[in-house]
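Heads up, this note's numbering is the position in the sequence shown plus 544, with the first residue counted as 1.
Written out below as structure tokens is the structure these notes cover.
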Amino acid sequence: MEYYIADSAVFIMGTGIEPHRMITIPSVVNELKSNEASMRFELARENGARVEMPEDSSRKAVMEIAKETRDCEELSATDVDILAKALEYKGTSVLLTDDYAVQNVARILGIEVKPVAQKKIKDVLVWQKECVGCRRRFDSGDVCPVCGSSLKKRRKRKI
Ligand SMILES: [Zn+2]
């Protein structure tokens with residue numbers, strides 16, 4: 545049976561995928577803020593969708609590749625987790641994501657990827673940079689103008 549590894553876009557946008565073929569990770573579930581997305585997830589889980597924690601060894605494998613391609617700066621902890629989970633099901637699964645950095649790393653790892661709604665997703669999710677030092681948030685940049693620490697990309701819902 546072929547599985548679908550579901551990034552948050554799957555629950556935000558909705559898809560026609562059979563829930564019993566769907567696998568996601570705890571951090572994706574925690575990022576679902578809207579009632580609509582949470583309800584889609586609950587419904588999928590009631591009908592057989594699985595929530596699985598990725599293994600540390602697969603996380604490490606993802607980070608090694610992401611460092612080589614320099615995508616590691618663009619990947620959030622959730623992105624690494626979803627890639628790690630997809631890696632564990634490589635060959636029997638398709639990763640559903642609209643994140644370009646995730647798609648890029650997935651291709652290098654030999655993971656099959658399909659977008660959910662690349663154009664529409666931009667209306668739903670926006671990105672921000674958060675300082676690893678002082679936690680201030682900025683729209684762009686790589687270095688915090690306040691404390692000089694590096695900035696990491698974070699997902700932020702558009703209101
Ligand atoms: Zn700072």
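All C-beta atoms in this analysis are idealised placements derived from N, C-alpha and C, irrespective of residue type, glycine included.
- For ligand 1, a non-hydrogen atom lies closer than 7 Å to the CB of GLY677.
- Contact annotation: SER602 and GLU632 have beta-carbon atoms nearer than 8 Å.
- Taking 7 Å as the cut-off, the C-beta of ARG680 counts as close to a heavy atom of ligand 1.
- Looking at the DSSP output, GLU590 sits in no beta bridge, so it has no partner there.
- Taking a cut-off of 8 Å on C-beta distances, the stretch 648-656 does not touch the stretch 676-685, as fewer than three cross pairs fall below it.
- When only Cα atoms are considered, ALA645 and PHE555 end up about 19 Å apart.
- Under DSSP, the beta-bridge partners assigned to LEU639 are ILE549 and VAL657.
- Contact check for ASP551 against ILE626 passes: the beta carbons are separated by less than 8 Å.
- Residue ALA628 holds the alpha-carbon nearest to the alpha-carbon of MET607 among ALA628, ALA588, ASN591 and ILE569.
- If you draw a straight line from the Cα of PRO598 to the Cα of PRO570, it is about 9 Å long.
- Exposure of ASP686 is indicated by the presence of fewer than 16 other C-beta atoms within 10 angstroms of its C-beta.
- Residue environment: MET583 is assigned as exposed (fewer than 16 neighbouring CB atoms within 10 Å of its CB, all protein chains considered).
- Secondary structure at THR568: strand, using DSSP grouped into helix, strand and coil.
- Here the alpha carbons of LYS611 and VAL690 stand approximately 26 Å from one another.
- LYS673 counts as buried, since at least 16 other C-beta atoms from the protein chains shown sit within 10 angstroms of its C-beta.
- Taking all protein chains in view, the Cβ of LEU619 is crowded by 16 or more other Cβ atoms within 10 Å, so the residue is classified as buried.
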